[in-house]
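Residue numbers (our numbering): 176 to 442.
For every residue, glycine included, the Cβ atom is placed at its ideal position computed from N, Cα and C.
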């Protein structure tokens with residue numbers, strides 16, 4: 176009986192050791208999974224919403240026109256009513272399209288557009304315009320905060336001057352500095368001209384204001400034509416005065432000037 180009990184004890188030890196081993200935490204992997212799915216998800220192209228795609232196409236279409244002029248503004252503290260009035264005043268400015276009009280008819284015009292834009296999408300649209308690449312280092316840092324875009328179909332300095340007057344009236348410079356800690360101080364509308372895109376070139380605010388002081392392109396064309404045609408007109412005037420008796424007078428004067436030295440010579 177003693178031998179049998181010893182034998183039973185010896186055979187029970189391995190089972191207790193195995194049960195203890197199963198209770199230990201596993202420190203090795205039982206299978207290996209591939210991470211290619213995460214890599215494929217990271218490499219897949221970004222999907223934009225329909226709204227963002229529409230805005231990107233709209234901004235790119237505006238920038239693709241070489242004849243258009245775009246004023247870039249930063250605005251703040253405008254109420255809905257104030258922004259609506261500003262848009263209405265700007266749209267009332269009509270700009271000649273530059274298309275030839277029949278004699279006696281009024282030149283064709285288009286209204287000026289005012290558009291509140293999303294800076295991130297507008298920046299992406301700017302990067303698609305290769306002609307604007309040289310201006311991007313200067314332009315992109317300006318596109319912060321609420322941004323609006325005023326677009327003119329063509330460069331028309333008188334219309335540009337009218338726009339600047341409207342912008343100055345919409346957000347006049349404050350005459351008094353608000354006191355520190357005044358919580359009930361009303362918000363003052365702010366409107367800053369950041370620059371303008373003209374013929375794929377960036378004009379800073381001083382250059383935009385200088386351009387608005389120029390005459391219209393039609394007046395400039397007439398002045399240039401006048402300067403070019405002035406020498407020819409003077410020549411035609413001289414030839415006209417030299418007609419008829421004036422030619423005889425010139426020849427008689429030339430004859431007398433040749434005879435005077437002969438009469439003065441000794442006989």
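Is residue i helix, strand or coil by DSSP?
{"i": "residue 289", "result": "strand"}
{"i": "residue 268", "result": "coil"}
{"i": "residue 363", "result": "coil"}
{"i": "residue 378", "result": "strand"}
{"i": "residue 329", "result": "coil"}
{"i": "residue 222", "result": "coil"}
{"i": "residue 181", "result": "Model confidence at residue 181 stands at a pLDDT of 48, short of 50, so the residue's coordinates are unreliable; what they give is reported in the following sentence. Three-state DSSP puts residue 181 in a helix."}
{"i": "residue 216", "result": "At residue 216 the pLDDT is 49, less than 50, meaning the model places this residue with poor confidence and gives no usable figure here."}
{"i": "residue 469", "result": "Summary: the structure shown does not reach residue 469, with the chain confined to residues 176 through 442, and so no result is reported for it."}
{"i": "residue 236", "result": "helix"}
{"i": "residue 388", "result": "coil"}
So that I know if they touch, is there some Cβ in chain C lying closer than 7 Å to that of residue i?
{"i": "residue 375", "result": "Of the protein chains in this structure there is only one, and it is not chain C."}
Which whole-angstrom value is the C-beta distance of residue i and residue j, which I expect to be below 8 Å?
{"i": "residue 297", "j": "residue 268", "result": "With a Cβ gap of about 22 Å, residue 297 and residue 268 do not count as contacting."}
{"i": "residue 243", "j": "residue 328", "result": "6 Å"}
{"i": "residue 300", "j": "residue 235", "result": "5 Å"}
{"i": "residue 332", "j": "residue 389", "result": "4 Å"}
{"i": "residue 335", "j": "residue 289", "result": "Incorrect: roughly 14 Å between the Cβ atoms, too far for contact."}
{"i": "residue 265", "j": "residue 325", "result": "6 Å"}
{"i": "residue 330", "j": "residue 392", "result": "7 Å"}
{"i": "residue 318", "j": "residue 377", "result": "Not quite, the Cβ-Cβ distance comes to about 12 Å (not below 8 Å), so this is no contact."}
{"i": "residue 272", "j": "residue 281", "result": "With 8 Å as the limit, residue 272 and residue 281 do not qualify as a contact, their Cβ atoms being about 12 Å apart."}
Taking the beta carbon of residue i as the centre, do at least 16 other beta carbons fall within 10 Å, making it buried, or is it exposed?
{"i": "residue 403", "result": "exposed"}
{"i": "residue 394", "result": "exposed"}
{"i": "residue 379", "result": "exposed"}
{"i": "residue 316", "result": "exposed"}
{"i": "residue 306", "result": "exposed"}
{"i": "residue 433", "result": "exposed"}
{"i": "residue 259", "result": "exposed"}
Per DSSP, which residues does residue i bridge with? Please list them.
{"i": "residue 249", "result": "322 and 367"}
{"i": "residue 400", "result": "Its beta-bridge partners do not exist; DSSP assigns none."}
{"i": "residue 284", "result": "271"}
{"i": "residue 244", "result": "327 and 373"}
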